[in-house]
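J.:
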Amino acid sequence: MRGLSRARILAIIDGTSPEDGPYMAIAVKTLIIASAVVIALETIPDLANRYGKVMRQAEYVFVSLFILEYGIRVVCAPRPVRYIFSFWGLIDFLACVPALLLLMPDLAAVRVLRLLRLVRVLKLLRLRTAMARLEHALWQVRDELILFSVLALLMLYLAAVGIYHLEHNAQPDVFTSIPASLWWAMATLTTVGYGDAYPITVGGKIFTACVLLIGLGIVAVPVGLVTSALLSADQHLRKSDKNSQGDDDDI
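Mapping the sequence shown onto numbering that gives the first Met the number 0, position 218 (from 1) lands on 217, and the numbers just tick up by one.
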């Protein structure tokens with residue numbers, strides 16, 4: 000490690016270094032997968048009783064390694080504060096939170112937060128090109144998404160109001176109020192339909208059919224917008240890459 004620059008160390012940890020990067024990337028991803036496997040095995044009573052001590056020691060090893068990685072990233076980052084509050088910086092920090100929770104074994108309620116260790120799995124998704132494409136697409140259709148979000152909330156409320164007035168007299172125990180009817184409206188607009196609340200009157204059934212059709216449109220239109228924006232973002236990023244390569248050739 001002696002004589003390595005901070006940029007070189009970050010490249011090795013990120014797996015972008017042509018020499019040592021691939022080996023480090025494999026090692027980090029193996030640790031993440033191993034940690035996720037241990038989390039799953041801890042929920043099996045027989046294995047937990049038999050190998051609980053070994054699994055707990057493995058937890059200390061995994062968390063210690065992730066704390067070490069996080070510390071190296073903070074020290075070697077060109078702008079440490081910016082990295083700490085970045086998306087992946089927060090993910091790396093959340094991967095280290097269980098280290099503090101392991102010191103409080105008697106707090107059962109707090110130990111539930113150990114599920115935050117699963118956030119480490121997101122580090123397997125360091126697909127910068129895909130993330131850039133998705134970010135560009137969402138930003139491109141942000142106004143449309145905001146509009147449909149407002150319309151969805153409006154339709155949610157109107158659906159709750161409508162089903163309450165149509166079904167309250169027939170099912171006073173199910174549709175007790177407009178706020179209680181919001182659960183039915185959410186399940187219907189999202190086309191989930193859990194079946195715990197459903198109309199029995201003719202008017203309620205007709206109204207539900209209309210809400211279902213509107214719900215399909217509310218779900219389908221934003222998906223189409225994002226898909227179109229993703230294709231546009233892919234073309235935009237490819238064009239930017241070609242322009243940057245052209246500039247490099249000129250140099």
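The beta carbon of each residue, even a glycine, is placed where N, CA and C say it ideally should be. Keep in mind the model is a prediction, meaning the values are calculated, not measured.
CB-CB under 6 Å to Met0, same chain, minus the five flanking residues each way: which ones, in chain order?
T.: Bear in mind that a pLDDT of 46 at Met0, under 50, signals an unreliable position, so the model cannot answer this.
J.: Can you tell me whether Val74 is buried or exposed, with buried defined as 16 or more other CB within 10 angstroms of its CB?
T.: Classification for Val74: exposed.
J.: Hey, out of Ile71, Ala186, Val60, whose CA is closest to Gly214's CA?
T.: Answer by Cα proximity: Ala186.
J.: How big is the Cα-Cα spacing for Phe86 and Leu93?
T.: Going from the Cα of Phe86 to the Cα of Leu93 covers about 11 Å.
J.: Please determine if the stretch 132-140 and the stretch 159-168 are in contact, where contact requires at least 3 C-beta pairs separated by less than 8 Å.
T.: Touching, no.
J.: Taking all protein chains shown into account, decide if Thr207 is buried (16 or more other Cβ within 10 angstroms of its Cβ) or exposed.
T.: Flag for Thr207 reads buried.
J.: Quick one: residues in its chain with C-beta nearer than 8 Å to the C-beta of Thr29, no 5 flanking neighbours on either side, listed in chain order?
T.: Nothing listed; no residue qualifies.
J.: Going straight from the alpha carbon of Val210 to that of Ala47, what length do you get?
T.: Taking the straight line from one Cα to the other gives about 48 Å.
J.: Can you tell me where the alpha helix (DSSP H) with Ala76 in it begins and where it stops?
T.: Ala76 -> no alpha helix (DSSP H), and no H or E assigned at all.
J.: If contacts are defined as beta-carbon pairs under 8 Å, then Ala158 and Leu188 qualify, I think. What distance do you get, rounded to the angstrom?
T.: The pair is a contact, with the Cβ atoms about 6 Å apart (cut-off 8 Å).
J.: If I measure Cβ to Cβ from Thr200 and keep anything under 7 Å in the same chain, skipping five residues before and after, which residues do I get?
T.: Contacts found: Leu165, Glu166, Ala169.
J.: Evaluate Phe84 with the Cβ neighbour count: other Cβ atoms within 10 Å of its Cβ, from every protein chain shown; 16 or more gives buried, anything less gives exposed.
T.: Its Cβ having fewer than 16 others within 10 Å, Phe84 is exposed.
J.: Should Gly203 be labelled buried (16 or more other beta-carbon atoms within 10 Å of its own) or exposed?
T.: So Gly203 counts as buried.
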